[in-house]
Structure formats: structure tokens, C-alpha cells
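In the working numbering, the protein residues as written are 355 to 573. Step one of this worksheet: look at the structure below.
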């Protein structure tokens, strides 16, 4: 059942290529604007690159959260998807995984190009990619929960940002801190371990919370 739900979500995402292309375009354009505002100093750009790219990945991955459940709720398919043998937990897991594959994974693949543009060295760029690989699924899980909590509300897109951004701060701090620790010659394993712990905790807790929020929203 999970495979069927995931296949459905990926097919819907493939029919709306702009939803996946817009976050990548936003990240690329915003990353190109930072050197214009900060100046062309290579050392400064290289030092700020991890934080800039992490913040842009966070904001870009949240751009389409408002439509995660809204379109299904409008055409009535969400009610059908929550009928047996389906379950809200399975739907929440499939939505989060499809969001990561269609929204966050393209951002992850675009990161090496931006890192090279900012002059990052190979080891720092590889660690940044690893931190994004561990951190972006947590962001998708948080966004999935926020989309369920704001389902049917006005200004849902703004509320999604207000819910997700504070909760995403630990992931952002540990993701940027891993690269900062490497640059300072300090161990960075702790940052990666904390990112992995946040991901495991999110996988265990957030789909169940999202399922409960969906049931409440459809009462």
C-alpha cells in the first residue's frame, strides 16, 4: 500500500514539473545574488557558503508545502485515501517521502554546483552534501506535519512557514555546524550524529502526528 501511495504522489509530481523546478530555480537565483550583496571576496564567500546554502535549501524546500494536502482535499481524494485499507499514517509517510524526492533531492543535486561557485573545497563540499542528506528529510517531515495542521485554513502558506522555521532551527544549526567544525579542525561526528538522531526521531514521531492532524482536519 505504501508503494502504491508513493507511486501516486510521484506521478502527480511528474505532472507538475514546475513545482519541482521552482525551488531549484529559487535556490540558484538567490545563491547568485548573495555575492552581489556581500562582495566578491573569495574567502568571505567560502566561509559563508555552508550557512547560505543551508538556509536557501530550507526556504526552497518549503515553497510548495501549502499544496501538499490542499489539492487532494479540494477534489475529495483525501477522504478516499483515508478509507480502509489505507491509513493516515501510510499517507503521511508517502507524502513526506514524495516531497523529499521531488523537492529536496533536486536541491541536493544542485548544491555541488553552488558550492563550487562559492569556492568550497572538496572535503567541505562533501560534508555539506552529507549534512543536507541527513537534514533535508527532517525538513520534509516537519513540512508534512505543518501542511496537515494548516489544512483548510486561510493563509496556510504563511502559517506553514511560522510552524516549520522554528522547529527547523536545530537541523539548520547542526548542518552548518558540521562544516564549521571541519574548517576549525574540530571533530564533526557529533553534528552528524545529532542530525541522524533528529531524522530518526522525526521518522518515528512525525508521521503519527501528521496522521492525527489529518484526522482532526477532516472531522
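Glycine included, C-beta positions come from ideal geometry on N, C-alpha and C. From a predicted model like this one, the values you see are computed outputs, not experimental measurements.
Cβ-Cβ separation, residue 489 to residue 479 (assumed contact under 8 Å), whole Å: On the chain shown, position 125 is the one that residue 479 refers to. On the chain shown, position 135 is the one that residue 489 refers to. Going by Cβ atoms, the distance from residue 479 to residue 489 rounds to 15 Å, so no, they are not a contact pair.
Under 8 Å between C-beta atoms of residue 492 and residue 546: Position 138 of the chain shown, counted from the first residue, corresponds to residue 492. Position 192 of the chain shown, counted from the first residue, corresponds to residue 546. No; because the gap between Cβ atoms is not below 8 Å, this pair is not in contact.
Rounded distance between the beta-carbons of residue 440 and residue 355, thought under 8 Å: As a working note, residue 355 is residue 1 in the chain shown. As a working note, residue 440 is residue 86 in the chain shown. Confirmed, about 6 Å.
Spatial distance of residue 456 from residue 497 (CA atoms): Within the chain shown, numbered from 1, the residue matching residue 456 stands at position 102. Within the chain shown, numbered from 1, the residue matching residue 497 stands at position 143. Rounded to the nearest angstrom, the two C-alpha atoms are 14 Å apart.
For residue 420 and residue 511, believed in contact at Cβ under 8 Å, the rounded distance: Your numbering for residue 511 matches position 157 in the chain shown. Your numbering for residue 420 matches position 66 in the chain shown. Indeed, because the Cβ distance is near 4 Å, the residues count as touching under 8 Å.
Separation of residue 523 from residue 405, as counted between CA atoms: Stepping through the chain shown from its first residue, residue 405 is reached at position 51. Stepping through the chain shown from its first residue, residue 523 is reached at position 169. Computed Cα separation, rounded: 12 Å.
Touch test, the stretch 432-451 against the stretch 481-488, Cβ-Cβ under 8 Å, three pairs minimum: no
Residue 379 beta carbon less than 8 Å from that of residue 410: Here residue 410 refers to the residue found at position 56 of the chain shown. Here residue 379 refers to the residue found at position 25 of the chain shown. Contact flag unset, no.
Backbone CA spacing between residue 569 and residue 430 [nearest angstrom]: Position 215 of the chain shown, counted from the first residue, corresponds to residue 569. Position 76 of the chain shown, counted from the first residue, corresponds to residue 430. Using only the alpha carbons, I get a separation of about 14 Å.
Reduced DSSP category for residue 370 - H, G, I as helix; E, B as strand; rest coil: Taking the chain shown and counting its residues from 1, the one referred to as residue 370 is at position 16. Coil.
Neighbour-count burial assignment, residue 363, 16 or more Cβ in a 10 Å radius: Here the question's residue 363 lines up with position 9 in the chain shown. The residue in question, residue 363, is buried, as its Cβ has 16 or more Cβ neighbours within 10 Å.
Local conformation of residue 402 per DSSP, three classes: Against the chain shown, residue 402 aligns to sequence position 48. DSSP places residue 402 in helix when its eight states are reduced to three.
Distance between beta carbons of residue 541 and residue 535, contact taken as under 8 Å: In the chain shown, the residue the question calls residue 535 occupies position 181. In the chain shown, the residue the question calls residue 541 occupies position 187. Between residue 541 and residue 535 the Cβ distance is about 7 Å, and since that is below 8 Å, they are a contact.
Inter-residue Cα distance where the pair is residue 407 and residue 428: Locating residue 407 in the chain shown gives position 53, counting from the first residue. Locating residue 428 in the chain shown gives position 74, counting from the first residue. When rounded, the distance between both Cα atoms is 35 Å.
Cβ separation of residue 458 and residue 415, assumed to be a contact under 8 Å, to the nearest whole Å: Start at 1 with the first residue of the chain shown, and residue 458 comes out as number 104. Start at 1 with the first residue of the chain shown, and residue 415 comes out as number 61. Yes, residue 458 and residue 415 are in contact; Cβ-Cβ is about 5 Å, under 8 Å.
Presumed contact (8 Å Cβ cut-off) between residue 501 and residue 509, rounded CB distance: For the purposes of this step, residue 501 is taken as residue 147 along the chain shown, with counting starting at 1. For the purposes of this step, residue 509 is taken as residue 155 along the chain shown, with counting starting at 1. About 13 Å separates the two Cβ atoms, so there is no contact after all.
Close Cβ partners of residue 537 (< 8 Å) along its chain, the five nearest in sequence each way excluded: Start at 1 with the first residue of the chain shown, and residue 537 comes out as number 183. Closer than 8 Å at the Cβ level, and outside the excluded window around residue 537, lie 401 and 478.
Of the listed residues 556, 504 and 472, nearest to residue 393 (C-alpha basis): Translated into positions along the chain shown, residue 393 becomes position 39. Looking at the Cα atoms, 472 is the closest of the given residues.
Straight-line Cα distance separating residue 381 from residue 462: On the chain shown, residue 462 is found 108 positions in, with the first residue counted as 1. On the chain shown, residue 381 is found 27 positions in, with the first residue counted as 1. Straight-line Cα distance between these residues: approximately 11 Å.
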